[in-house]
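Here's the structure we're looking at; comments come further down.
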Amino acid sequence: MNIFISGGAGYIGSAAAAMLIHAGHAVTVYDSLIKGHKQSIPKEARFVLADLADLKTLHDTLREGRFDAVMHFAAFIEAGESMIDPGRFFRNNFSNSIHLIDAAAKAGIPRFVFSSTAGVYASCDTPIDEESPLGPASVYGQTKLMVEQALGWYRQVYGLKTAILRYFNAAGADGDRGEAHQPESHLIPLVLKVALGQRPDIKIFGTDYPTPDGTNIRDYIHITDLVSAHLLALDALENHETLLYNLGNGAGYSVREVIETARWVTGRRIPAVENPRRPGDAPRLVASSEKIRRELGWQPRHPKLEDILASAWEWHKKYPDGYPE
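In terms of my numbering, the sequence shown opens at residue 1 and continues consecutively.
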């Protein structure tokens with residue numbers, strides 16, 4: 001197939017581009033490089049440097065490309081930041097997504113795979129399945145839910161086949177592709193920066209949550225397992241109009257567990273400093289992936305937290321300052 005990947009210079013999008021190319025597909029990466037890294041784009045991919053708000057370039061690229069599918073990874077992802085500057089997230093995550101969906105539908109592209117988030121759900125004490133109550137705790141989660149709802153209407157109006165994948169916290173590394181956000185906001189790379197001596201400590205936001213150790217609990221999924229699920233869903237759209245799947249480990253790990261495991265994996269001292277809760281953080285969000293396992297046969301190859309952290313640690317040791325410029 002010929003695949004258009006928005007956000008293909010980002011952490012997940014670049015890994016998806018590499019896996020698609022390895023599987024024999026043609027890939028066009030469309031990225032503004034506001035958050036992405038040109039060095040992460042596979043050399044075999046065609047690259048279009050542009051923003052999704054650049055409607056002429058977007059429409060021209062989609063009309064001329066004769067694409068079989070769009071995979072949409074371009075979004076701002078920091079839930080805490082979304083509670084400080086919501087307009088920025090509504091513009092980029094929602095408005096720009098509508099630009100892409102509308103242009104794809106009008107160009108006659110038949111399939112659309114959307115990288116969503118389990119942050120669309122309300123906090124829950126048990127693993128969340130696809131029927132669990134919705135209730136985003138952040139503007140970030142709300143923008144993703146709004147895009148999902150828009151895709152439902154575009155399926156009805158244009159027949160756009162849609163796959164939505166909801167997950168938390170992609171982590172780990174895929175060869176020379178690792179997690180390097182600017183500024184960094186994710187727990188695992190921040191913990192590893194402490195292990196590298198680049199930060200004095202790791203901050204724990206909230207120690208009074210109703211969880212066993214008082215810190216909030218999150219899902220972690222290895223980047224290669226996450227991408228493999230996206231590719232399975234893309235193939236499954238051949239015979240389905242719409243797909244919705246959660247992706248997760250089904251157990252979840254607390255902030256303290258991640259820190260302790262990082263200490264064990266790295267063999268380094270990692271000081272932790274306790275801080276008050278942040279707006280937008282729910283106590284527990286863990287996704288059940290039983291549906292995609294049952295229907296598509298997806299199986300994560302790296303479900304253990306120590307394996308996820310070990311792959312990330314190897315990448316961060318090799319690229320302590322992120323991608324070389």
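We treat Cβ as the ideally placed atom computed from N, Cα and C, and that holds for glycine.
Please read these numbers as outputs of a predicted model, since none were measured by experiment.
Sub-8 Å separation of residue i and residue j beta-carbons
i	j	result
Lys38	Gly10	no
Ala16	Val227	yes
Ala180	Gly322	yes
Gly138	Gly280	It should be noted that the sequence gives Ser, not Gly, for residue 138. It is a contact, given that the beta carbons lie within the stated cut-off.
Gly250	Phe168	no
Ala287	Ile128	yes
Ala195	Ala272	no
Pro133	Leu145	no
Met1	Ala69	yes
Ala236	Leu244	no
Thr215	Ile204	yes
Ala225	His302	Per the sequence shown, residue 225 should be read as Asp rather than Ala. Yes, the pair counts as a contact, with Cβ atoms nearer than the cut-off.
His230	Leu151	no
Ala163	Leu234	yes
Ala75	Asn93	yes
Asn246	Ser311	no
Pro283	Pro212	no
Three-state class that DSSP yields for residue i in the structure shown
i	result
Ala75	coil
His22	helix
His99	helix
Val48	strand
Ile188	helix
Tyr253	strand
Ser115	strand
Tyr323	coil
Asp174	strand
Asp60	helix
Ser6	strand
Tyr167	strand
Leu33	coil
Glu274	strand
Ala69	strand
Tyr11	helix
Lys203	strand
Lys161	strand
Ile41	coil
Leu151	helix
Leu196	coil
Ile128	strand
Tyr140	helix
Thr266	helix
Thr28	strand
Buried or exposed (CB count within 10 angstroms, at least 16 for buried), residue i
i	result
Thr328	A question about residue 328 goes unanswered here, because the residues of the chain that appear run from 1 up to 325.
Pro189	buried
Glu328	There is no way to answer for residue 328, as the model of the chain reaches only from 1 to 325.
Gly24	exposed
Lys106	exposed
Arg277	exposed
Pro320	exposed
Ile5	buried
Asp219	buried
Ile84	exposed
Glu265	Note that residue 265 is Val in the sequence shown, not Glu. Val265 is buried by the Cβ-count criterion.
Ser185	exposed
Gly65	buried
Leu160	buried
Pro183	exposed
Val258	buried
Gly175	exposed
Beta-carbon separation (whole angstroms), residue i vs residue j, contact threshold 8 Å
i	j	result
Ser123	Leu285	6 Å
Leu58	Leu52	6 Å
His72	Val113	7 Å
Ala171	Ile223	7 Å
Val255	Leu309	Their Cβ separation, rounded to whole angstroms, is 13 Å, which puts Val255 and Leu309 out of contact at 8 Å.
Glu274	Thr207	5 Å
Ala79	Tyr140	4 Å
Ala45	Thr28	7 Å
Ile3	Phe67	7 Å
Val147	Ser97	4 Å
Test: residue i CB closer than 8 Å to a CB of chain C
i	result
Asn239	In the structure shown, chain C does not exist; there is a single protein chain.
Residue i: CB within 7 Å of a non-hydrogen atom of the ligand HEM
i	result
Thr242	The ligand content of the structure shown is nil, which means the ligand HEM is not present either.
Whole alpha helix (DSSP H) elements within the region 216-247, 4-residue minimum: For the region 216-247, the full-length alpha helix (DSSP H) segments reaching 4 residues or more read 223-236 along the chain.
At what residue ranges does the region 283-308 contain a whole run of the alpha helix (DSSP H), taking only runs of 4 or more? Those alpha helix (DSSP H) runs which fall completely within the region 283-308 and span 4+ residues are 290-296.
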